[in-house]
Amino acid sequence: FNQSDLFDNLITYTYDEGGAVSDEFTFSIGDGTDELTGQVFNITIIDVAWEVLGTAGFSAGYAYNTSIVLDTSGTQYVAYMDYGNSSKATVMKFDGSNWVTVGNAGFSTGAAYNPTLALNSSGTPYVAFRDGDNSYQLTVMKYDGSAWALVGNAGFAPDPASRNCSFAIDDSEIGRAHV
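What the sequence shown shows, in the working numbering, is residues 73 to 251, in sequence order.
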């Protein structure tokens, strides 16, 4: 194999989860003129297992284009395009035991493509998404404590400017959203 094979992910190592903490393989390498043989490559295995947070499959249907953030206390929030609710936007948070809906599930008026979630310094969730009801233009909504409300006008930025947007909220008193 060569460096290009490594860059193209053609060489892989598969861990069999057998509990080993290290492994190694021996290889030889040459450039056509000189050859270096019997080289040992050592691997340290850090066994970190993924854990399900709450109940697996907590969404009403398929959850696409997920966006995950943590608030200042470490509470996990997720926004996604909710196939169980006509592809509209849904936001949920983990309460320590269960995933609970923030406001109503499927709160956008139409399909919410590529939702991006952000929290302001007070923990208020904001979601920016490509709005299927507004020619796929960018819409931003925030949760006001009882319902999701528009921030500005729906569909304010044209497609393709709305594709794969980044989203942040400043800490000013106004709490401006920057997309």
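All C-beta atoms, glycine included, are put in the ideal place defined by N, C-alpha and C. Every value quoted in this text rests on a predicted model; they were computed, and no experiment measured them.
Hey, is Y152 close to the ligand ZN, as in C-beta under 7 Å from one of its heavy atoms? The model on display carries no ligand, and the ligand ZN is accordingly not part of it.
A221 - partner residues in DSSP beta bridges: K214
Whole-Å CB distance - T211 paired with G227, under 8 Å assumed: 6 Å
Suppose you measure from the CA of I83 to the CA of D77; what does that come to, to the nearest Å? 6 Å
L189 bridges to which residues according to DSSP? V199
Of all the CB atoms in chain C, is at least one closer than 8 Å to the CB of S94? The structure shown has no chain C; it contains just one protein chain.
Can at least three beta-carbon pairs, one atom from the region 211-226 and one from the region 166-177, be found at a separation below 8 Å? yes
Check whether the region 105-113 touches the region 128-140, counting contact only when three or more Cβ pairs, one atom from each stretch, lie closer than 8 Å. no
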